[in-house]
Every structure is written in structure tokens, then in C-alpha cells.
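Listed in order, the protein sequences are those of chains D and U.
Per the numbering used here, residue 1 is the first one in the first sequence, and the count goes up by one each step.
Per the numbering used here, residue 1001 is the first one in the second sequence, and the count goes up by one each step.
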Amino acid sequence: DAKTTQPPSMDCAEGRAANLPCNHSTISGNEYVYWYRQIHSQGPQYIIHGLKNNETNEMASLIITEDRKSSTLILPHATLRDTAVYYCIVRVARLTGFQKLVFGTGTRLLVSP
Amino acid sequence: DGGITQSPKYLFRKEGQNVTLSCEQNLNHDAMYWYRQDPGQGLRLIYYSQIVNDFQKGDIAEGYSVSREKKESFPLTVTSAQKNPTAFYLCASSTGTVNTEAFFGQGTRLTVV
């Protein structure tokens, strides 16, 4: 599975958009980009995923570059409760459907008042 | 409510003792996973199971053992052979099919003294 690179930490003011980058320059054509977040001492929570097109749900938007070598998770109006570690993961869509989840160290986002 | 339950939330053991961490899910998921997290670090995969009565080693399986006798349950035993067992342990499950997210339990914090 392709590896990802994320900045170790970022700050964001409450109410502003938080843009979290992820580099996955070795991604293959059949690998999806997934984002999870982990609030302190809890289990990670799924946020969003995508293959090529930009995606949006009630939590966030995912922008994937045309060459798919990088992506950005956007939290449009960050709140204090969005303070967490955000993990960017790439996963292969195998024929059997099974794929193990491999996490990196993520980006620690601090949202301040 | 459907979900993944890990118990206990906090666990203390003396050095040299084996200890078993419980993970139960009622999501009807085929795949289950165990991860270890150390302070300030990402998640590292210990073991995973694609289906009942089958499991594979992850990246850091030494000193751990698992069983998968029932679809709902995937207990992890931390043996005395694990040199640094104190950590936060997370269990997850997924349908195992293409393009689905994983769901995590709330974790067990194991302290060995």
C-alpha cells in the first residue's frame, strides 16, 4: 500500500476552514484515499474517502488533485470539537475486497477560540 | 445499538502475566483488527482476521496471540513475551468488502507494572 506524508501539526481558528494536506505521491490507480480522525483517548472515527473525484459529506470535503498524488481534507467551519489527530490513509480495492488498514502518525489539528 | 465494545477500558497487570483484551461487535462484520498505539504515535497493526477461524499477523505480532472462534468476537492476549506491553489497544471491524470504512472501539489502556 502507498505511504502517506502529513504535517505533524496545524492550528486553526474556530469558525475558519481547516485545510489538512496529505501527500501520497506513490499512489496506484486502484487505491482509495481515506481520512479518519482520533479525538484524544478514543477510537478513530471515519470521515470521508474518495478515488478520483472530489467528495463531500456532512463532516468534510475531500479534494484530490488530478494526478492523485496529493489530497486535502477541508473542515469548512472548524469548531473546538474538531481538535483531534487526522489520519490520511490509502487503501487498495482488492478483488477479494479485504484490505488491511495501515495508519501513519497523522496531523494534530488544534482549533482555538 | 450496533457497534464495537472493548472491555475493560483500563487494565492493570503485573509484569510476567498474560492478559486478554476483549473485543465484541454486533455489526455482522467479517473483518476484525487489533492495533496498538503508543503515546504520540500512530496506530500499528498487531493482528487481523478476514473471517471466522482465520487470522494473520500484522506488523508487530510478536508477543501477542488472537483467536476468532466466533464472528462477533476477536480477543487479544498480551503474553509475557511482549517486551513493552503498556499501551493503548484498539479493536476495529469492517465488512471486508471493497470500499468500506472500519469502525473502532473505544480502546483499552493496558498498564503493566
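Quick reminder that beta carbons are idealized off the backbone N, C-alpha and C, glycines included.
Once the 5 residues before and after residue i are set aside, which same chain residues still bring their CB inside 7 Å of it?
i	result
Arg-68 (chain D)	Ile-27 and Lys-52
Gln-1017 (chain U)	Ser-1080
In three-state terms, what does DSSP make of residue i?
i	result
Arg-81 (chain D)	helix
His-49 (chain D)	strand
Asp-11 (chain D)	strand
Val-90 (chain D)	strand
Leu-20 (chain D)	strand
Glu-31 (chain D)	strand
Thr-1005 (chain U)	strand
Phe-1103 (chain U)	strand
Ser-41 (chain D)	coil
Ser-71 (chain D)	strand
Ala-1092 (chain U)	strand
Glu-58 (chain D)	coil
Leu-1110 (chain U)	strand
Ser-112 (chain D)	strand
Thr-127 (chain D)	No answer is possible for residue 127 (chain D): the residues shown for chain D start at 1 and end at 113.
Thr-26 (chain D)	coil
Below 8 Å CB to CB, which residues in the same chain sit around residue i once its five sequence neighbours on both sides are set aside?
i	result
Ala-17 (chain D)	Ile-74, Leu-75, Pro-76, His-77 and Ala-78
Residues in its own chain within less than 6 Å of residue i by CB, not counting five upstream and five downstream?
i	result
Ser-70 (chain D)	Asn-23
Thr-1111 (chain U)	Phe-1012 and Thr-1086
Quick one: which chain A residues come within Cβ less than 7 Å of residue i?
i	result
Val-102 (chain D)	Checking the listed chains, one finds no chain A in this structure; the protein chains it contains are D and U.
(message) Assess contact between the segment 1028-1040 of chain U and the segment 1063-1071 of chain U, defined as three or more Cβ pairs (one per stretch) separated by less than 8 Å. Is contact present?
(response) The segment 1028-1040 of chain U, when compared against the segment 1063-1071 of chain U, does touch it at the 8 Å Cβ threshold.
(request) Let me know the beta strand (DSSP E) ranges lying completely inside the segment 1008-1087 of chain U, each 3 residues or longer, listed in chain order. (result) Correct list: 1010-1013, 1019-1025, 1031-1037, 1043-1051, 1054-1057, 1064-1066 and 1076-1078.
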